[in-house]
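Under the working numbering, think of the first position of the sequence shown as 75, with each following residue one higher.
No residue lacks a Cβ here, since even glycine has one placed at the ideal position from N, Cα and C.
Below: one structure, written as C-alpha cells.
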Amino acid sequence: MMQIRDSPAGALFSLCVALVCAAGCSASWTPTTAQPVAALQWPYLPAAAKVTYDHALTGLARNRSVGTVLESVVFGKSQTSDGFVLPVAVAAAKDGRIAVADMGRGCVHLYIPSASRYLCLAGSETARITSPVGVAFDEDSRLYVTDSVGRVFAFDAEGELRFVISKAGPQALQRPTGIAYSPTRKALYVVDTLAHTVHSFSSDGAFLFSFGGRGTGAAEFNFPTHLARSPSGELYVTDSLNFRVSIFDESGQPLGSFGHHGDGSGDFAMSKGVAVDRNGVVYVVDALFDNVQLFDRSGNFLLTVGARGSGFGEFWLPSGAFISEHGELYVCDTYNHRVQVFRVMSGYANRAA
C-alpha cells in the first residue's frame, strides 16, 4: 500500500494541512448585512425624520483567506455564512461587541469587532444553553444570558463560562426571560415569567432580592417577559398579560405604568422587547402588531415604526429590542431571521413634529 506521507503528493497534502491550521488560528469574521436602495424614515416624508433605517444584520461570515480556500480544496468545506435562525434578543457593549440570542440554534452569537472575532456560545458539556431568550452586558463586557429552561449563564469578556445561576434563594428559576444589568448597583435583574417575578443577583451570581407576584396591582405582574434599564436607572418591565409597561426603581419599588389592551395606536396586544433611550423615549415591540411603538416617559404615544412583512423596516413576529447610547435601535425580527437596526434622531421627542 502506498504511504501518502512519503510521496510528493503526500508532502503537498501535509503542507496544505499545516497552512490551513495556521490560517485557521487567525480566522476573522464579518457581519453579513443588507440595506435598502432607497432611504427609509418614520414618520414618512415630507415630515421630518424621527427614526431612520440603517441596515439588517443577518449573521456572521468567516472571511475568505488562504486558509479557508485551502480548507475548501483539502477538506471539501465551503465558505458559508453563519446566519441567524430565530434571533430573539440582542445587546451591544460599549466596545461595540454585539450578542444575539438565537433560539433556533440554541446558542448566543457573540461578535467582537475589535478582533473580527466570532463565538457561538453554547455553555459547557455539563450545562448547555437550550433556549436562550435574553442577553445583557456589564461595564466590563461580561455577558449574561437567560435560558428559559431555568438558568442564567455568565460569560467573561473572552467568552469563557464563569458560572450558572439556577436558583433565586431557595426557589428554582422557572422561566427566566428578560434580563438587564445595573452598573450603579453592579446587579442583574432577571424576569421569571412563570413566577410573575423579577429577581436581582449580584454580578458574581449571588441572590439579592425579588419583587412582584401575580396580580394586577402596581407591584404585581401577569406573565411578564422583557426588561430594560433606562440610563437614569429605572426598570421597565413588559407586563404582557396585564397589557402594560410597569416601571420600578432599582430596589423594586413601583414608579408607575402605562398601556392597555386594544388594537389601535398606543395599545398593546402582545408586547415583547422594551428599550429606553437617554432622552426617556420608551420603545415597545409588539409581536402581534409586528411593529415598534414609541412613548414618552409618561406613556404618551409618539410614533409607530414598522408593519407586517418581510421588506426593510417590516417585521414578522419581532421580539427583543436594545438601544445603544449612540441612538442605534436594534430589533430582533425573529421570523425574518434577522436583526434590524434603526437610528433615532437625538432629542426628537422634545422638538415640534
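ask   = With distances taken between CB atoms, is the gap from Gly133 to Thr106 smaller than 7 Å?
value = yes
message = For Asn296 and Ala349, what's the separation of their Cα atoms in angstroms?
response = 20 Å
query = Where Ala123 and Arg179 are concerned, what is the direct C-alpha to C-alpha distance, given to the nearest angstrom?
reply = 36 Å
message = My output table needs one value for Tyr263: the three-state DSSP class, helix, strand or coil.
response = strand
request  = Flag this pair as yes or no: are the beta carbons of Tyr192 and Trp103 separated by less than 7 Å?
outcome  = Judged by beta-carbon spacing, Trp103 lies within the 7 Å limit of Tyr192, meaning their Cβ atoms are closer than that value.
ask   = Given a threshold of 16 other Cβ atoms within 10 Å of its Cβ, counted over all protein chains shown, does Lys346 qualify as buried or as exposed?
value = buried
Range covered by the beta strand (DSSP E) that runs through Gln414 = 412-418
key: Beta carbon of Val162 nearer than 7 Å to that of Phe396   = no
request  = Could you work out which residue in Lys260, Ser420, Gly252, Arg259 is closest to Ala269 when comparing CA atoms only?
outcome  = Gly252
inquiry  = Assuming Ile203 and Asp221 are in contact, meaning their beta carbons sit under 8 Å apart, how far apart are those beta carbons, in whole angstroms?
reply    = 5 Å
message = So, under 8 Å CB-CB, His335 and Phe317 are touching, yes? Tell me the CB distance rounded to an integer number of Å.
response = Yes, His335 and Phe317 are in contact; Cβ-Cβ is about 4 Å, under 8 Å.
Residue nearest to Gly373 in terms of C-alpha spacing, selected from Val379, Asn365, Gly383, Val356 = Val356
request  = Could you have a look at Ser188 and say whether DSSP puts it in helix, strand or coil?
outcome  = helix
task = State the DSSP-derived secondary structure class of Thr290, mapped to helix, strand or coil.
result = coil
request  = Could you pull the start and end residues of the beta strand (DSSP E) that Trp390 belongs to?
outcome  = That residue, Trp390, is in no beta strand (DSSP E); it is neither H nor E in DSSP.
key: Pro298 versus Ser188 - alpha carbon distance   = Pro298 and Ser188: Cα-Cα distance of roughly 36 Å.
message = Are the CB atoms of Cys181 and Leu160 within a distance shorter than 7 Å?
response = no
task = Just the C-alpha distance for Ala166 and Pro257, rounded to the nearest angstrom, thanks.
result = 15 Å
Beta strand (DSSP E) runs wholly inside the segment 202-241, at least 3 long, in chain order = 206-211, 217-221, 225-229, 235-239
key: 7 Å Cβ shell around Gly279 - same chain, five flanking residues per side excluded   = Contacts found: Ala228, Phe237, Ile239.
inquiry  = Please classify Gly287 as buried or exposed, where buried requires at least 16 neighbouring CB atoms within 10 angstroms.
reply    = exposed
message = Are the CB atoms of Phe386 and Pro110 within a distance shorter than 7 Å?
response = yes
query = Cβ atoms of Ser276 and Phe283: under 7 Å apart, would you say?
reply = no
message = Considering only their Cβ atoms, is the gap separating Ala231 from Tyr216 smaller than 7 Å?
response = The sequence given here has Arg at residue 216, not Tyr. In contact: Arg216 and Ala231 (Cβ atoms closer than 7 Å).
ask   = In whole angstroms, what is the alpha-carbon distance linking Leu301 and Val174?
value = 16 Å
inquiry  = Nearest by alpha-carbon distance to Pro392: which of Ser384, Cys406, Glu399, Phe322 is it?
reply    = Cys406
request  = Alpha carbon to alpha carbon, how far is Tyr118 from Val264? Give it in angstroms, no decimals.
outcome  = 37 Å
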